[in-house]
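See structure below.
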Amino acid sequence: MPNADANLAVTMRADPAGPCLITVSGELDYHTGPQLRTYLDDAPCESGAGLVLDLSGITYCDSTGVSVLVHAYRRTEATGTMLALAGAAPEVFRLLSLTGLDRFFRSYDSVDTAIHALSA
C-alpha cells in the first residue's frame with residue numbers, strides 16, 4: 161500500500177512470523193502525519209509480534225509527527241504489543257528527548273536490530 165503523497169512515502173510489510181514493519185520517508189508534519197496515522201491504525205498490532213517503525217528516511221519531523229509517534233506508542237501499549245523505532249535521525253530523537261518522550265520508546269540504529277530485539 162504505497163503512499164502517493166510527494167512529501168511522505170509509507171510502506172507496510174506485515175510478516176506473520178515477526179514484527180510488522182512500517183517504513184516512512186520524507187517529511188512527517190501537519191500535512192502528512194494523518195497519512196502515517198492511517199497506516200498505524202491498519203497495522204496488525206493485535207498479533208503481539210511487535211511493530212517496527214523505520215524512520216531512517218525521515219527528513220523533517222514537527223510536533224504533529226511526534227504526536228503520531230505517541231499515537232503509535234499508545235496503540236501498541238493498548239494491544240500489548242511492543243513498538244520499536246529504527247534508524248531515526250538525531251533531530252527526531254532530539255524532539256523526543258526535549259519532550260521527555262524518549263524514555264517511552266525503544267530505539268535502535270537499524271531495522272535489523274529492532275526486528276531482532278522484538279523477535280527475541
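Under our numbering, the letters of the sequence shown match residues 161 to 280, in that order.
For glycine and all other residues, C-beta sits at the position ideal for the given N, C-alpha and C.
Environment of residue i [buried if 16+ CB atoms lie within 10 Å]
i, result
"Ala280", "exposed"
"Ala209", "buried"
Coarse secondary structure for residue i, derived from DSSP in three states
i, result
"Ala244", "strand"
"Phe265", "coil"
"Thr273", "helix"
"Ala169", "strand"
"Thr183", "strand"
Given residue i as reference, the closest of the options once Cα atoms are compared
i, options, result
"Leu181", "Ala169, Leu211 and Asp202", "Leu211"
"Ala233", "Ala248, Val184 and Leu213", "Here residue 233 is Tyr; the residue named in the question, Ala, does not match the sequence. Considering only alpha carbons, the answer is Leu213."
"Leu200", "Met172, Asp222 and Leu188", "Met172"
"Asp272", "Arg235, Thr239 and Gly247", "Gly247"
"Asp269", "Gly260, Leu258, Val252 and Leu261", "Val252"
Cβ distance (whole Å) where residue i is taken to contact residue j below 8 Å
i, j, result
"Leu278", "Phe265", "The pair is not a contact, with the Cβ atoms about 13 Å apart (cut-off 8 Å)."
"Gly186", "Thr219", "6 Å"
"Gln195", "Leu215", "That pair is no contact at about 15 Å."
task: Would you list, in sequence order, the uninterrupted beta strand (DSSP E) runs of no fewer than 3 residues that lie entirely inside the segment 189–235?
output: 211–221
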